[in-house]
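Peer 1: Have a look at this one before I ask anything.
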Amino acid sequence: MARENNITISDVAAMSGVSIATISRILNNKGNVKEETRKKVMAVIQSVDTNGTLLSKFKKQNGNLIIAVVTNDANPLISPFINGVNTCANSKGFHVLQYNCFNNAYDRIEFEYMIKELPVAGFIFQQIVGGSELTDFIAARFPTVVSFEQYQTENISSVGIDDYAAVKSAVEYLITLGRKKIALLNGDLSMPFTVRREQGFLDALKQAGIPVCPEYITHISVSDFNYNLARNAARQILSMPDPPDAFFAITDTFAAAVLKEAKHLGISVPQDLAIIGFDNTDVSTMTDPAITTVNQPCYEIGYQSCNILIDKINDPSLASRQVWVNSEFIVRDSTQ
């Protein structure tokens, strides 16, 4: 088209069927915009901004960007984490572009387009995105930090808690309460943190001399934190002839699902079944009884991740770092 080499925000707005204000919010990563709308606008820009004119103007106006790559926007940890990243970035003159990467072909194409066209200074990955291959590919080209993971290479720093120790301590607490038939509702073992948490669970039982019951351990996807899947898994275990007297769930959402199913089956919590979750999200205080959980300081993890990244951007000679932040075990009525 004739105006392709001089595309404007007004043009993109007209072709996308949205307002100029919406286009501006998308390009500047400000305000709430539906993911469907953002994708539609980015697709229009990709198709008509062939010489990068519009994005070049965006670069001049915004300077350096940090792209925070998020594995799953359904993750309840994302909001405080991104707040921490934003606070640190804004205080040091950087801008943040949050990108939701779901590993399908369209997202990968859009992801690669942004790498090429936007003034990227560095990347923060909320956990491993697209497998370590993608993370390593990015880290070879940009300063990179992986958050909520113990993942450190020559080019990659990481910030997170000690998942293994946090789960091990939580299970040891259940054992001190006299619980010996402890079940685990874990995510699938494709994620490093689920592997570490399960090992902490197993080692706590082993060191206490409690036999591991494989039937008490189940794995479901953590990709969408599906409450109903967790309820189904809990139902199968709680309906066994010899059910557990305690349950450790890898997320608070899963723990709430266990609690709901226990009530449905007439199992008293915590008298007959103690329940522990993980993350200290809002759901852990919205149930009755409130759920004992492990707090992850998500804001601090986001802030520290951004701080380490900017240090690396400003001084590329800095070595990669693995930073640990403290988790906190919070006892509530689901175990008392």
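Start counting at 1 in the sequence shown, then tack on 146, and there's your number in the numbering used here. C-beta atoms are modelled at their ideal positions from N, C-alpha and C, and glycine is treated no differently. This structure is a prediction, so every number in the text was calculated from the model and none was measured.
Can the beta-carbon of Ile396 be found less than 7 Å from the beta-carbon of Ser480?
Peer 2: Here residue 396 is taken as the residue at index 250 of the sequence shown, counted from 1. Here residue 480 is taken as the residue at index 334 of the sequence shown, counted from 1. No, these two residues do not count as a Cβ contact at 7 Å.
Peer 1: How about Glu258 and Gln273: do their beta carbons lie closer than 7 Å?
Peer 2: Translated into positions along the sequence shown, residue 258 becomes position 112. Translated into positions along the sequence shown, residue 273 becomes position 127. No, these two residues do not count as a Cβ contact at 7 Å.
Peer 1: Since Leu411 contacts Leu384 with CB under 8 Å, what's their CB separation in whole angstroms?
Peer 2: By 1-based counting over the sequence shown, the position of residue 411 is 265. By 1-based counting over the sequence shown, the position of residue 384 is 238. About 6 Å separates the two Cβ atoms, so the contact holds.
Peer 1: Express the C-alpha separation of Phe240 and Leu154 in angstroms, rounding to a whole number.
Peer 2: Your numbering for residue 154 matches position 8 in the sequence shown. Your numbering for residue 240 matches position 94 in the sequence shown. As written in the sequence, residue 154 is Thr, which differs from the Leu given in the question. Cα-Cα distance, rounded: 25 Å.
Peer 1: Using alpha carbons as the reference points, say which of Phe271, Gln468 and Phe424 lies closest to Ser315.
Peer 2: By 1-based counting over the sequence shown, the position of residue 315 is 169. Looking at the Cα atoms, Phe424 is the closest of the given residues.
Peer 1: Name the residue from Ile321, Val292, Pro357 and Ile356 whose alpha carbon lies nearest to the alpha carbon of Pro338.
Peer 2: Translated into the one-based positions of the sequence shown, residue 338 becomes position 192. The candidate whose alpha carbon is nearest that of Pro338 is Val292.
Peer 1: With distance defined between alpha-carbon atoms, name the residue in Ala465, Asp434, Val469 and Asp428 nearest to Leu223.
Peer 2: The sequence position of residue 223 within the sequence shown is 77, counting from 1. It is Asp428.
Peer 1: Quickly, what does DSSP pair Leu331 with across the bridge? List them, please.
Peer 2: Within the sequence shown, the letter at position 185 stands for residue 331. The partner list for Leu331 (beta bridge, DSSP) reads Thr364 and Ala395.
Peer 1: Keeping to the same chain, check which residues put their C-beta closer than 7 Å to that of Arg467; ignore five residues upstream and five downstream.
Peer 2: Within the sequence shown, numbered from 1, the residue matching residue 467 stands at position 321. Ser303 and Ile454.
Peer 1: Between the Cα of Ala350 and the Cα atoms of Tyr319, Tyr373, Phe393 and Asp334, which residue gives the shortest distance?
Peer 2: Your numbering for residue 350 matches position 204 in the sequence shown. Closest option to Ala350, Cα to Cα, is Tyr319.
Peer 1: Quick one: grab the DSSP three-state call for Arg271.
Peer 2: As a working note, residue 271 is residue 125 in the sequence shown. In the sequence as displayed, the identity of residue 271 is Phe instead of Arg. If DSSP states are grouped into helix, strand and coil, Phe271 belongs with the strands.
Peer 1: Taking Val477 as part of the alpha helix (DSSP H), name the residues at either end of that continuous run.
Peer 2: As a working mapping, residue 477 is identified with position 331 in the sequence shown. Note, Val477: premise wrong, no alpha helix (DSSP H); not H, not E.
Peer 1: Starting from Ile454 and walking both ways along the alpha helix (DSSP H), at which residues does that stretch end?
Peer 2: The residue you call residue 454 lines up with position 308 of the sequence shown. Per DSSP, Ile454 belongs to the alpha helix (DSSP H) from Cys444 to Asn460.
Peer 1: Apply the 10 Å Cβ neighbour rule to Gln442 and answer buried if 16 or more other Cβ atoms are within range, or exposed otherwise.
Peer 2: Taking the sequence shown and counting its residues from 1, one reaches residue 442 at position 296. Buried, by the Cβ-count rule.
Peer 1: Using the DSSP secondary-structure output, state which residues sit across from Ser293 in a beta bridge.
Peer 2: Here the question's residue 293 lines up with position 147 in the sequence shown. Paired residues: Gln272 and Val305.
Peer 1: First and last residue of the beta strand (DSSP E) that includes Val190?
Peer 2: Position 44 of the sequence shown, counted from the start, is the residue given in the question as residue 190. Segment Glu181 to Val194 is the alpha helix (DSSP H) holding Val190; no beta strand (DSSP E) there.
Peer 1: Counting along the chain, where does the beta strand (DSSP E) carrying Asn441 start and finish?
Peer 2: As a working note, residue 441 is residue 295 in the sequence shown. Its beta strand (DSSP E) spans residues Thr439 to Asn441.
Peer 1: Gln482: buried (16+ other C-beta within 10 angstroms of its C-beta) or exposed?
Peer 2: Within the sequence shown, numbered from 1, the residue matching residue 482 stands at position 336. Looking at its Cβ environment, which holds fewer than 16 other Cβ atoms inside 10 Å, Gln482 is exposed.
Peer 1: What do you reckon, are the CB atoms on Thr399 and Tyr362 nearer than 7 Å?
Peer 2: For this step, residue 399 is matched to residue 253 along the sequence shown. For this step, residue 362 is matched to residue 216 along the sequence shown. In this structure, Tyr362 does not lie closer than 7 Å to Thr399 by Cβ.
Peer 1: Considering Val429, what are the terminal residues of the alpha helix (DSSP H) in which it resides?
Peer 2: One-based indexing of the sequence shown puts residue 429 at position 283. Looking at the DSSP string, the run of the alpha helix (DSSP H) that includes Val429 is Val429 to Met432.
Peer 1: Counting C-beta neighbours from all protein chains within 10 Å, is the total for Val358 16 or more, i.e. buried, or is it exposed?
Peer 2: Residue 358 sits at position 212 when you count from the first residue of the sequence shown. Counting Cβ neighbours within 10 Å, Val358 comes out exposed, since fewer than 16 surround it.
Peer 1: Which residues does DSSP pair with Ile422 in a beta bridge?
Peer 2: Mapped onto the sequence shown, residue 422 falls at position 276. Answer is Phe394 and Thr438.
Peer 1: Note down the Cα distance separating Ile228 from Asp157, rounded to an integer number of angstroms.
Peer 2: Within the sequence shown, residue 228 is the residue found at index 82, counting from 1. Within the sequence shown, residue 157 is the residue found at index 11, counting from 1. Each residue's Cα considered, the two are about 31 Å apart.
Peer 1: Could you tell me the distance, in whole angstroms, from the CA atom of Pro435 to the CA atom of Asp309?
Peer 2: Counting from one through the sequence shown, the residue named residue 435 turns up at place 289. Counting from one through the sequence shown, the residue named residue 309 turns up at place 163. If I take the Cα positions, the gap works out to 25 Å.
Peer 1: Go ahead and label Asp391 buried or exposed: buried means 16 or more other beta carbons lie within 10 angstroms of its beta carbon, across all protein chains shown.
Peer 2: Taking the first residue of the sequence shown as position 1, residue 391 is located at position 245. Asp391 comes out buried.
Peer 1: So, with DSSP's three-state summary, where would you put Gln468?
Peer 2: As a working mapping, residue 468 is identified with position 322 in the sequence shown. Note: Gln468 maps to strand in three-state DSSP.
Peer 1: Among Tyr449, Ala403, Met161 and Glu182, whose alpha-carbon lies nearest the alpha-carbon of Gly230?
Peer 2: Working through the sequence shown from its first residue, we reach residue 230 at position 84. It is Tyr449.
Peer 1: Is the separation between the beta-carbon of Pro289 and that of Gly268 shorter than 7 Å?
Peer 2: As a first step, residue 289 is located in the sequence shown; it is residue number 143 there, counting from the start. As a first step, residue 268 is located in the sequence shown; it is residue number 122 there, counting from the start. Yes, the pair counts as a contact, with Cβ atoms nearer than the cut-off.
Peer 1: Check the C-beta distance from Leu331 over to Val415 and give it rounded, since I have them as a contact under 8 Å.
Peer 2: As a first step, residue 331 must be located in the sequence shown, where it is residue number 185. As a first step, residue 415 must be located in the sequence shown, where it is residue number 269. 15 Å between Cβ atoms; not a contact.
Peer 1: Identify whether Pro226 lies in helix, strand or coil by the three-state DSSP scheme.
Peer 2: Here the question's residue 226 lines up with position 80 in the sequence shown. Note: Pro226 maps to helix in three-state DSSP.
Peer 1: Would you call Ala376 buried or exposed, if buried means 16 or more other Cβ atoms sit within 10 Å of its Cβ?
Peer 2: Counted from its first residue, the sequence shown places residue 376 at position 230. So Ala376 ends up on the buried side.
Peer 1: Can you tell me which of the three DSSP states Val231 falls into?
Peer 2: On the sequence shown, position 85 is the one that residue 231 refers to. In this structure, Val231 counts as helix in the three-state DSSP scheme.
Peer 1: Is it right to say Thr431 is buried, meaning 16 or more other beta carbons lie within 10 angstroms of its own, or is it exposed?
Peer 2: As a position in the sequence shown, residue 431 is number 285, starting the count at 1. Around the C-beta of Thr431, fewer than 16 other C-beta atoms lie within 10 Å, and the residue is accordingly described as exposed.
Peer 1: If you follow the alpha helix (DSSP H) that Ser162 is part of, which residue opens it and which one closes it?
Peer 2: For the purposes of this step, residue 162 is taken as the residue at position 16 of the sequence shown. Its alpha helix (DSSP H) spans residues Ile155 to Ser162.
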